[in-house]
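Residue numbers (this note's numbering): 266 to 497.
Every residue gets a Cβ at the ideal spot worked out from N, C-alpha and C, and that includes glycine.
Owing to the predicted nature of the structure, the values given are computational and were not obtained by experimental measurement.
This report concerns only the one structure given below.
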């Protein structure tokens, strides 16, 4: 099975580092790039243009929006879809306002990644003193850089709740039990909107599930994808 991993807002391929040994048991792994384009649709088209003929998708956070768009653009090519810590909701007016303020206030020429509070809100409260993990998340956002921060932040995410029914491939939805950025209700909305989808909760995880609980996430995803790949 070919698997495409799609990272989220201000994350890169290193998001998946701790999961790669488990994911590579599935087959060939490709990392989707979300840094070069300013819209979800353009990100989806770009990833699809370099994708294998048939593949499974794992999308994290913003990458979940991109993965769903790909599943609608090329339904015959997507074998299975995994949505991690994501939502189908649009940005609220308050989120849009905060994004505009963040871009205006940031010194993008000397961008040094997320602030400590910006990292901590994405993690389970118990990881507030996990300095190694906090630094990994900060350093990842610094690597992605100020230009991408501007593009990602200025992007308005539209809801696709009314288009979820168009997704017909097997779908697994994964949520962290203490995600302060995406609620359990948002995961339930995805599950209700995508026919036949399954929903699982990862304990002791905030938003950054692939980095916080990589083993638990792999244990949820890998057997499920293996089942989808087996002859029915």
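Buried/exposed call for residue 315, threshold 16 Cβ in 10 Å: exposed
For residue 337, which of 400, 449, 310, 482 has the nearest alpha-carbon? 310
Thinking residue 285 and residue 268 are a contact (beta carbons under 8 Å), I'd like their distance in whole angstroms, please. Actually they do not touch by this definition, with Cβ atoms about 11 Å apart.
Among 395, 489, 414, 393, whose alpha-carbon lies nearest the alpha-carbon of residue 378? For the residues 395, 489, 414, 393, the minimum Cα distance to residue 378 belongs to 414.
Tell me the start and end of each unbroken beta strand (DSSP E) in the stretch 326-382 that is at least 3 residues and wholly inside, in chain order. 343-349
In its own chain, which residues sit with a C-beta less than 6 Å from the C-beta of residue 320, not counting the 5 before and 5 after it? 267, 269
Report buried or exposed for residue 272, applying the criterion of at least 16 other Cβ atoms within 10 angstroms of its Cβ. buried
Is residue 275 near residue 406, with beta carbons less than 8 Å apart? yes
For residue 362 and residue 289, what's the separation of their Cα atoms in angstroms? Counting only the Cα atoms, residue 289 lies some 40 Å from residue 362.
What distance in whole Å lies between the Cβ atoms of residue 462 and residue 424, which are believed to be in contact at a cut-off of 8 Å? Residue 424 to residue 462, Cβ: 17 Å. No contact.
In the DSSP assignment, find the unbroken beta strand (DSSP E) run with residue 466 in it and report its ends. For residue 466, the enclosing beta strand (DSSP E) starts and ends at 463-467.
Ordered along the chain, which non-local residues of its own chain (more than five positions away) have a Cβ less than 8 Å from that of residue 477? 388, 389, 392, 398, 441, 469, 470, 471
Would a check of beta-carbon distances place residue 286 closer than 8 Å to chain B? The displayed structure is made up of one protein chain only, and chain B is not part of it.
Contact check, residue 439 vs residue 368, beta carbons under 8 Å: no
Entirely enclosed alpha helix (DSSP H) segments - the stretch 417-457, minimum 4 residues: Positions of the alpha helix (DSSP H) runs, each at least 4 residues long and wholly inside the stretch 417-457, cannot be given because no such run exists.
Mind reading off the beta-carbon distance from residue 340 to residue 433? Whole number of angstroms is fine, and I expect it under 8 Å. 6 Å
Leaving out five residues on either side along the sequence, give the residues of the same chain with a beta carbon under 8 Å from the beta carbon of residue 245. Limits of the chain in this structure are 266 at one end and 497 at the other, which puts residue 245 out of reach.
Once DSSP output is grouped into helix, strand and coil, what is the label at residue 324? Strand at residue 324.
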